[in-house]
Structure formats: C-alpha cells, structure tokens
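S.K.: Before I ask anything, here is the structure I am working with.
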Amino acid sequence: MIHFDNVNKKFPFGNTALKDICLEIENDEFVFVVGPSGAGKTTLLKLITRELLPSSGSIFIDDVDISQKNFHQTNKLRQKIGMVFQDFKILNEKTVFENVALALTISHLNTESIKTAVHQALQAVGLQNKDNFFPLQLSMGELQRVAIARAISGERKLIIADEPTGNLDPKTTWEIMKIFKKLEGKKTILIATHNTDVVNSFKKRVIVIKDGRILKDTRKGGYDL
Amino acid sequence: MSRLLKSIRRAPYQSFAAFLMLFMSLLMATALLFSIGSLYGLLGYVETRPQVTVYFQSNASESEIGKIRQELIDSGKTLSVKYVSQTDAFKTYKELNKDNPLLLEMVTADILPASLEINAKKPVYLPQIAEFLQKKAGVNEVVFQKIIIDRLVQLTALIKTISLTFFIFLTITTMIILFTITHFKVALRKDEIELLRLLGASNNFIRWPFFQESLIFAFFSATSAFLFFIGLFFYFSPFINGYLRGIDRLTINFDWAQLTVWPINTTWLACIYFGILLFGCFTYLTASFFATKKFIK
C-alpha cells in the first residue's frame, strides 16, 4: 500500500510542485494520475521511487516511511518497482533479452531463474520471438513493450509508468494499454498520462492533479481536459 | 571476458590509451624495482667484503698477530677477523698469477706480508678499528674502505630518494591519466548507469564492471611490461654479466629473510612481477574508484 501523508514538494528556486498531497493506493489497484503538463504528475511518481524527497510530509510504502533522509534501502525499494518511461530507456547495445535481464541481474538471481523470468515477461508482452533482436531492429511500440517486460519481470509488485504512450501512435497506444490491462489485479499499477481516451475507456481510479494539488480522486472515473 | 571485449569495442582508443599508459608505467616500475634491488644487493656485497685489512711487518710473529686478532674479537666491534698467513697470501698470489710464470718466479712467501681481514659490525667502527691497529707494534699498513662504503651508502640513499620521488610522480601521473580515461568510459555509459540506478542497482554493482576491467587491464599490462623487461634484460645480459664479473651472489637482507637478486632467479623475478602487478591493480582501481564516484554522485 502507498500512503501519502500531507506531502509537499518545493524545488530550490521556490517552484512548488506538490501541495498537501494526501492519498492512499491499495495493493493491486489500477490508478491513473492525470493532469496538464507541469501539474506535478511526474514529481508524484518520482517521490515514490525516491528520485526526489518531499519538502515536508511523509510517504509510506507497505508501512515503511521512505521519505526519511536516513532511509538507506532505496536500492531495495527500487528493485520492487517496475518503471516504464515515455522515452523507453532501452539500451541500444544490448539485445531485447539482455535489456529485460538487466533488471533481474541487479537482484542477483541465478542465470536459470533470469532466463525463465525474462521469457515469461517477454511472453506477457508478445515478444517471445524477438529476444535476440537489438532495439534498433524494433518499432516504437515494440520498444515500449520491452520496457514493460523489464518492468514486470521478476517479483516487482508495483509498476509505475510515466506517459508510457506519449510517443506512440493511437493503434500502438491501445496495444500497450492492453498489456497493462492484462496485469490488472496482479500488480499495483500507477500510470501518469494525458490521454483522455485511454483513461475514459478503462473506467479505473483517476487522480486528477492540477497546480500541484489533487483536484479530484474518483474510484471509477473518467477525465476531461 | 565478453563484457571486457564489449567495453574495448565500445571505446577502443580509450582502452588502448589505458593499456599503453599502464604498460609504460609498469615498465618503468619494473626497471626501478630491479635497479633498487640490485643496488641494495651491491651495497650488501661491498659491506661483506673485508673493510679493514691490516698488513704486518715480515718480522711480526704469528703469536703477536693472534693476540691482536683476539683483542679485535673481544672489542665486540667486528663481525669477523680472518688471519691470512704469509703462506696463504702466497697461495692466493700464485692462484692470481698462474698464467704469468715470470711473476711467480720472482716472488716467495717470505716477501708477502701476513694480514688480518676485518669486517666491522657497523661502518662507524671502521676508523676506531683502524686507529687501534695503527698503534700496534709490528703493523706495517692499515687499509680501510670507509670512503668507498660511505659513498656507496650516500649514493644508495640518493638513488632511493630520487626513485621514491619519481615513483610518487609516476603513480600520480598514471592515476590522473587513468582517471581521465575511465571518466570518458563512464560518460559513454551514462544512460546505462542512469537506468541501473533507477532499477535499484547499488554503487558497487555499477562500479564492478569498471573494477573488473581495471584488474584485467592491470594483469595484461603488468605481464606485458614484465615480459618486455625480461626481453630487454636478456638482450643486455652480456654487458651486465661483464659488469658484475667476479660477483657470485648479490642479496638483500631482511630481518626475516634473505633475497638473492643476482644471479637472476625465479624468486626475485616473481617478487618484481607481483610488485608491479599490485602497483598496476592499485593505481587503476583507485583511478576507477574516483572516476565512478564522481559520476555516480
């Protein structure tokens, strides 16, 4: 469970990104975080991955306060989180298999377990036959699927996706969203997006952020820009 | 190994520069180690030669010489006192001039003086021993090599200081260059490192490939430098053999062991090899540590 307790985030030059954020996300919940550019969506996600620390307030993940400055388990925390980015962050000199395996190597799994986990993840995103391909041989949609495979591989229980369809055409967007849909109920999924069509069609929990504040938090909501 | 090859392929010039830099440094370190070792061995050799030789008048009796010898031993300032009788001196003379019958015909045992060959415990005792001997009856001449030993000690100290300064300079230069090269390599893998951080990799996990590469490069550079030096040594060995002719053995004496540095032997070569290997590993690992630390920060 993720719990934000009155979280504020101010950047050094006085720019306030988040104000008085209080929210709770249950395990295996599917949540969209929406809002206009600069609303604070990415900041919210970065606070969960501890890329940023809050200026005040606390963030708990499974009852552990990760916002403390003396929290020394950042690596362990990130090993439990699968991240999907708008720019994919796929390494061009590694094959599809190696890109997905990278996340598992960090967890010090043995070679056999890595092989099994990578093949399962690639199967889940429909790339089981492209494990020896290099990123330059893949389409944008396939690259994002590799990123998702990397995020869901192993024991990662929380998937954070920051604008995962931002660089994709509508058809590919739906293919990617279908993959997320398949993960529903198995992992906690947090997707930051602009895409109103996607959000409205899913009928899932929607947290609307504007000017750093939570404007609306609806359980089976939609979204209108 | 495949990771290393990939890393070399990714930055061939940087890798080659790192190898060359390390090779040159380790070659110089090998030469330094070898020279210092030989110098210390030479110093030890000279110190074990008779430092004071006292020649007696031909009328000095064996009992008089024996008395002086005992007094020297009782003084506690000598390591050894060897008596060379007129007969022994003649034997040595014959041996040295066996190819020159004319010289042998002209000399008999009577005209050669008996002598004592003395090794002092410390160079500082040499003038005291010489002064003591000069006052004794029956003494013809006292020869002692204090000046030679003093100069050799001074020369060794000077070479030690110069070598140490040069070694520190070499270490710092090597580290700075390797740091710069590794920093370039780290920068080339910026995206990968950023991703690894996001995926939860620890600093050590990120550093390990660079450390691994440092160790492998240090191994290859040390081995190449060592083999190159051995090649050079054998090329110049006729000259070195000529220079050290007559010296059977040079050793460095430690409190716990004695190391033979001449003639060249496997123990001494192994010491040099492991010395430069450690030096190579230390410099490259330190450089990699700081290069990655700066980047990870």
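Read top to bottom, the protein sequences are chains X and Z. If you read the first sequence in our numbering, its first letter stands for residue 2, the second for the next number, and so on. If you read the second sequence in our numbering, its first letter stands for residue 1340, the second for the next number, and so on. Ideal Cβ placement from N, Cα and C applies to all residues, glycine included. Quick caveat, the model's predicted, so the values are computed rather than measured.
1) Under 7 Å, do GLN1425/Z and ALA1448/Z count as touching if we go by C-beta distance?
2) Within 7 Å (strictly less), CB to CB, does GLU1531/Z reach chain X?
3) Tell me whether ASN1542/Z sits in a helix, a strand or coil according to DSSP, three-state version.
4) If the cut is a Cβ gap below 7 Å, which residues of chain X does PHE1544/Z touch?
5) Are the CB atoms of ASN1458/Z and GLN1283/Z within a distance shorter than 7 Å?
6) Give the secondary structure of GLN1473/Z by DSSP, where H, G and I count as helix, E and B as strand, and everything else as coil.
7) Taking just the CA atoms, how far does TYR1582/Z sit from PHE1358/Z?
8) Could you list which residues in chain X have their beta carbon closer than 8 Å to that of LEU1617/Z, in chain order?
9) So, do the segment 196-211 of chain X and the segment 69-80 of chain X have three or more beta carbon pairs nearer to each other than 8 Å?
10) According to DSSP, what are the bridge partners of PHE1565/Z?
11) Is there at least one Cβ from chain Z nearer than 7 Å to MET141/X's Cβ?
12) Sorted by chain position, which residues of the same chain lie with C-beta nearer than 8 Å to ALA18/X's C-beta, five sequence neighbours on each side aside?
13) Give the secondary structure of ILE1579/Z by DSSP, where H, G and I count as helix, E and B as strand, and everything else as coil.
14) In this structure, how does DSSP classify ASP198/X when only helix, strand and coil are distinguished?
15) Between the Cα of VAL1482/Z and those of THR1417/Z, LEU1455/Z, PHE1544/Z, MET1363/Z, spot the shortest distance and give me the residue it belongs to.
16) Do ILE62/X and SER68/X have their C-beta atoms closer together than 7 Å?
17) Take LEU1624/Z as the anchor and find which of THR1599/Z, TYR1574/Z, ARG1588/Z, LEU1554/Z has the nearest alpha-carbon.
18) With a cut-off of 7 Å, does the C-beta of SER1541/Z fall near any C-beta of chain X?
19) Using the beta-carbon of each residue, which ones in chain X are nearer than 9 Å to SER1343/Z?
20) By alpha-carbon positions, which one of PHE1556/Z, PHE1629/Z, PHE1634/Z ends up nearest to SER1364/Z?
21) Identify whether LEU229/X lies in helix, strand or coil by the three-state DSSP scheme.
22) Go ahead and pull the three-state DSSP assignment for PHE134/X.
23) Evaluate ARG157/X with the Cβ neighbour count: other Cβ atoms within 10 Å of its Cβ, from every protein chain shown; 16 or more gives buried, anything less gives exposed.
24) Residues in its own chain within less than 8 Å of LEU54/X by CB, not counting five upstream and five downstream?
25) Could you check if TRP1607/Z is buried or exposed, using at least 16 other CB atoms within 10 Å of its CB as the buried criterion?
26) Would you list the one or two residues that DSSP bridges to MET84/X?
27) Since ASP6/X sits in a beta bridge, which residues does DSSP pair it with?
28) Checking 7 Å against the spacing of the C-beta atoms, do ALA118/X and LEU105/X come in under that value?
29) Can you find a CB in chain Z that lies within less than 7 Å of the CB of ALA104/X?
30) Report the three-state DSSP secondary structure of ILE1511/Z (helix, strand or coil).
31) Could you pull the start and end residues of the alpha helix (DSSP H) that LEU53/X belongs to?
32) Rounded to whole angstroms, what is the Cα-Cα separation between GLU1533/Z and ASP88/X?
33) Residues of chain X with CB under 8 Å from LEU1534/Z, in chain order?
34) Whose Cβ in chain Z lies nearer than 8 Å to the Cβ of THR76/X?
M.R.: Based on what the coordinates show:
1) yes
2) yes
3) helix
4) ILE107
5) What is shown of chain Z runs 1340 to 1636, which leaves residue 1283/Z out entirely.
6) helix
7) 34 Å
8) Correct list: empty, because the minimum Cβ distance to chain X is about 29 Å.
9) no
10) Answer is none; PHE1565/Z lacks a bridge partner.
11) no
12) LYS10, LYS11, PHE12, GLY41, THR44, GLY213
13) helix
14) helix
15) LEU1455/Z
16) no
17) LEU1554/Z
18) yes
19) Checking the displayed sequence, the identity of residue 1343/Z turns out to be Leu instead of Ser. Those within 9 Å of LEU1343/Z in chain X number zero; the least Cβ separation is about 14 Å.
20) PHE1556/Z
21) In this structure chain X extends from 2 to 226, so residue 229/X is not present and cannot be described.
22) coil
23) buried
24) LEU48, SER68, LYS70
25) buried
26) ILE161/X
27) SER59/X
28) yes
29) yes
30) helix
31) It is not in any alpha helix (DSSP H) - LEU53/X carries neither H nor E in the DSSP assignment.
32) 13 Å
33) LYS90, LEU92, LEU103
34) Residue 76/X is actually Asn in this sequence, not Thr. Near ASN76/X (Cβ distances below 8 Å), the residues of chain Z are GLY1539, ALA1540, SER1541.
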